[in-house]
Amino acid sequence: MTSMTKRVLAMLTVSLMACTATSALAQSKKTIAVSIPAATHGWTGGVVYHAEQAAKEIKAAFPNIDVVVKTSPSATAQVSALEDLSAGRNLDALVILPFTSEELTGPVAQVKAGGAFIAVVDRGLTDPTIQDLYVAGDNIAVGANTAKWLAEKLGKKGKIVVLRGIPTVIDDERIKGFTDVIKGTDIKILDIQYANWNQDQAFTLMQDYLAKYPQIDAVWANDDDMLLGVLEAIKQSGRTEIKYALGGNGMKDVIELVKAKNPVTPISTPYPPSMIKSAIYMTAAQLSGQAPMRGNFKLDAPLITPENADQFYFPDSPF
Amino acid sequence: MTSATTHIAIIKAPRRIRWAAMGPFIALAVVMLAGMVLNSNFATGTNMANVVTRSAFIAIIAVGATFVISSRCLDLSVGSMMAFVTGIMILTMNRLEPSIGANAIFVGAVVGILVGATCGLLNGLIVTVGKIEPFIATLGTMGIFRALITWMSDGGSIPMARALREPYRPVYFGDVLGIPIPVAITLIVALVGAFILYRTKYGRRCMAVGSNADVARFSGISVTKVRTIAFVIQGLCVAIAAICYIPRLGAATPTTGQLWELQVITAVVIGGTLLRGGKARIWGTVAGALILEMIANLMVLSNMVSEYLVAAVQGVIIILAMLAHRFIK
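Protein chains in written order, with this note's numbering: chain A, 737 to 1055; chain B, 39 to 367.
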């Protein structure tokens, strides 16, 4: 054996050893990738905030778990982000809030094929067998619980107007939950129109409702962002017959109204962006402690009242 | 040359030209008439005041867009720019409020005007000095401004300090001699715009550049300068709209001003300004903004249209208005 061959062999051994060392290290340290939409409006802003908080807390609590958060501005960008995340490293788990169900189903299935634990949040995939864990809020309950409270307060009679969001499943479910409950009462829904979960459009639409209907007993905007526009329009009109103006989602500005026992907005219902945090924590529990987390986890939408508002209040969150 | 053209125009078709110029106002009258027939609440003082005041933002921005479009450019960034200027203004006012109180509003407004003008200048320079198609250049800055406001607000909202809400509120909700302040500001902006466009050398150069940039260049007009100034005027108008906008909801969010650029361009074109440049109608633009807002208002007031079809009906009305305009000509 020449010295040359010896040296090559030695080098090979060293590099082999190095390889095993790194892979051993990688095995002991587990990676959770979190893929979420970029902050383009209040609710997704909250998702990003809570995902980053959860990443920090999990990394501090479990030194053997690494959490990588990646935000994407569109469905196609999210598909690319998934490829990037799984190409660079071996993923042990993926927590994803998919932009759209159809486009993301295939790419998530591929990550799953690599052996990762899949947690899907909020919007389901078209093939539910891909997910190990599904965490979501209850949009039907958001509408229904608000409607029940309102019906009781109005004595099951009166005239109300409704503002709905962007035509999506989320919006349809909230409206369905609400109208199904109202149907069983003598309350008349004067009008339902889209305001696209936008404060400005809600302000405009509410002005028009006020011009159109001389008597409105209550307003329901199916999102708190819109509620802020509604409140401003009511304030400007000087109309005093409107007993309640309610929203939904648990935006911090509205929780502040609830905490202050505002007579017009005394409650809200949560559809919390912090559900991403639930999913990240549960995934970490699965990876670190092998606590069984496979299944569906549906968050309730209990009424937020002045008494429990503190539990739903995140002053540092953008939402 | 100029006098000869005018002469021929006067002899040939004095009436036809007047009719074409009247188009947007006739359309406005038709929409209003339809409104009165469809719903008795339409013509009430409150509703009219609401609608006219609401249309102020689009109208003010559209006056600026009339300059940009008549010089044969296009600005797609106005909606995002508006959100960005709003955000900067609120942040400035909130920072200054503890030390100088309500005066922070004035400083904020000045800062807003400066930022708006700078944004416009940036757009203008990219288009003229950078020689990039205005469509692409402002598509780029549209994304930039939108991302900046999203970043500044962490995707949430930038609320104005509570102490400033009451002193600032009248700028949107108040009135002078019965005219809502945003409407008064719109009138002033349109008057100044009309003066610059129809009565100054700059206005004529703007048209010349819009009808034929090469001919304008050969006649010694600096096309670069004319177009850059048009973008700066646009930026100023955006800032003025932002000043009126903030007191309405007291916050800037990533969805502020979303898709306004399309409404602005629609208002300008309905008003009779040519998208290919060379002809501008400031008052037509204002009428265009009013028509858009009134159609939207009517959609809610009348019960005839399903909530799912509102946008389609609005689209059809706009196309019909444009077709009618064409046939009147």
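Note that beta-carbon positions come from the ideal geometry of N, C-alpha and C, so glycine has one too.
Inset, instruction - Please compile the residues from chain B whose C-beta is within a distance smaller than 7 Å of the C-beta of T780 of chain A. - result: G193
Legend entry - Per-residue contacts from H786 of chain A into chain B (C-beta, under 9 Å): Result: empty, since nearest Cβ-Cβ is about 12 Å, beyond 9 Å.
Inset, instruction - Answer with yes or no whether the minimum CB distance from V338 of chain B to chain A is below 8 Å. - result: yes
Inset, instruction - Check each residue of the region 274 to 292 of chain B: if its Cβ is closer than 9 Å to any Cβ of chain A, include it; give the result in chain order. - result: Y283, R286, L287, G288, A289, T291 and P292
Inset, instruction - Flag this pair as yes or no: are the beta carbons of I866 of chain A and V831 of chain A separated by less than 8 Å? - result: no
Inset, instruction - Run down chain A in chain order and give the residues with a C-beta less than 7 Å from the C-beta of E345 of chain B. - result: I928, Q929 and Y930
Legend entry - DSSP three-state assignment for S191 of chain B, whether helix, strand or coil: coil
Inset, instruction - May I have the straight-line CA-CA distance separating P903 of chain A from D213 of chain B, to the nearest angstrom? - result: 37 Å
Legend entry - Same chain, Cβ closer than 8 Å to V253 of chain B, five either side skipped, listed in chain order: A246
Inset, instruction - Kindly indicate which three-state DSSP category N79 of chain B falls into: helix, strand or coil? - result: coil
Inset, instruction - Kindly list, in the order they appear in chain B, the residues whose Cβ is closer than 7 Å to that of A981 of chain A. - result: Within 7 Å Cβ-Cβ: nothing; A981 of chain A doesn't reach chain B, min ~15 Å.
Inset, instruction - Within its chain, find whatever has a CB closer than 8 Å to the CB of E992 of chain A; leave out the 5 residues flanking it on each side and keep chain order. - result: Y1049
Legend entry - Straight-line gap, C157 of chain B to I99 of chain B (C-alpha atoms, nearest Å): 14 Å
Inset, instruction - Using the Cα positions of A757 of chain A and K995 of chain A, report the straight-line distance between them to the nearest angstrom. - result: Note that A757 of chain A scores 44 on pLDDT, short of 50, meaning its location in the model is unreliable; the coordinates nonetheless yield the value given after this. Spanning the two alpha carbons is a distance of roughly 55 Å.
Inset, instruction - Step through the CB atoms of chain B and report whether any lies within less than 8 Å of the CB of L833 of chain A. - result: no
Inset, instruction - Verify whether the separation of the beta carbon atoms of H777 of chain A and G193 of chain B is less than 8 Å. - result: yes
Legend entry - Euclidean distance between Cα positions of F835 of chain A and Y210 of chain B: 37 Å
Inset, instruction - Kindly indicate the opening and closing residues of the beta strand (DSSP E) around G1058 of chain A. - result: Residue coverage of chain A in this structure runs from 737 to 1055, which leaves residue 1058 of chain A outside it and unanswerable.
Inset, instruction - State the Cα-Cα distance for the pair D1036 of chain A and A877 of chain A, rounded to the nearest angstrom. - result: 7 Å
Inset, instruction - Could you tell me how far apart the beta carbons of A833 of chain A and A811 of chain A are, in whole angstroms, since I believe they sit closer than 8 Å? - result: A small fix is needed here, since residue 833 of chain A is Leu in this sequence, not Ala. With a Cβ gap of about 12 Å, L833 of chain A and A811 of chain A do not count as contacting.
Inset, instruction - Name, please, each residue of chain A whose Cβ falls closer than 7 Å to the Cβ of T84 of chain B. - result: A947
Inset, instruction - Mind listing the chain B neighbours of D944 of chain A? Cutoff is C-beta to C-beta under 7 Å, in chain order. - result: N335, V338 and L339
Legend entry - Neighbourhood of T224 of chain B by C-beta, 6 Å cutoff - its chain only, sequence neighbours within 5 removed: A94, A97 and I98
Legend entry - Those residues which DSSP pairs with K919 of chain A across a bridge: According to DSSP, K919 of chain A bridges with nothing at all.
Inset, instruction - Just list the alpha helix (DSSP H) runs in the region 886 to 933 of chain A, keeping only unbroken ones of 4 residues or longer that don't cross its boundaries, in chain order. - result: 905 to 919
Inset, instruction - Note down, in chain order, every chain B residue with its Cβ under 7 Å from the Cβ of N998 of chain A. - result: Those do not exist, as N998 of chain A stays about 15 Å from chain B at its closest Cβ, beyond 7 Å.
Inset, instruction - Would you please verify whether the beta carbon of T756 of chain A is less than 8 Å from any beta carbon of chain B? - result: Low local confidence applies: a pLDDT of 45 at T756 of chain A is under 50, so the model's placement there is unreliable, and no value is given.
Inset, instruction - Kindly say whether T976 of chain A, judged by its beta-carbon, lies nearer than 8 Å to any beta-carbon of chain B. - result: no
Legend entry - Proximity of N341 of chain B and Q943 of chain A at Cβ, strictly below 8 Å: no
Legend entry - A103 of chain B - partner residues in DSSP beta bridges: Answer is none; A103 of chain B lacks a bridge partner.
Inset, instruction - Within 10 angstroms of the Cβ of T976 of chain A, are there 16 or more other Cβ atoms? Answer buried if so, exposed if not. - result: exposed
Inset, instruction - Enumerate, from N- to C-terminal direction, the unbroken beta strand (DSSP E) stretches of 3 or more residues contained entirely within the region 225 to 254 of chain B. - result: none
Legend entry - Contact list for P1054 of chain A against chain B, beta-carbon separation under 9 Å: S191, D192, G193, G194 and S195
Inset, instruction - Show which residues of chain A have a CB atom less than 7 Å away from the CB atom of N88 of chain B. - result: Q943 and A947
Legend entry - Inter-stretch contact (C-beta, 8 Å, three-pair minimum) for the region 330 to 350 of chain B and the region 312 to 321 of chain B: no
Inset, instruction - Report the rounded CA-to-CA distance for D868 of chain A versus V90 of chain B, giving the unit in angstroms. - result: 54 Å
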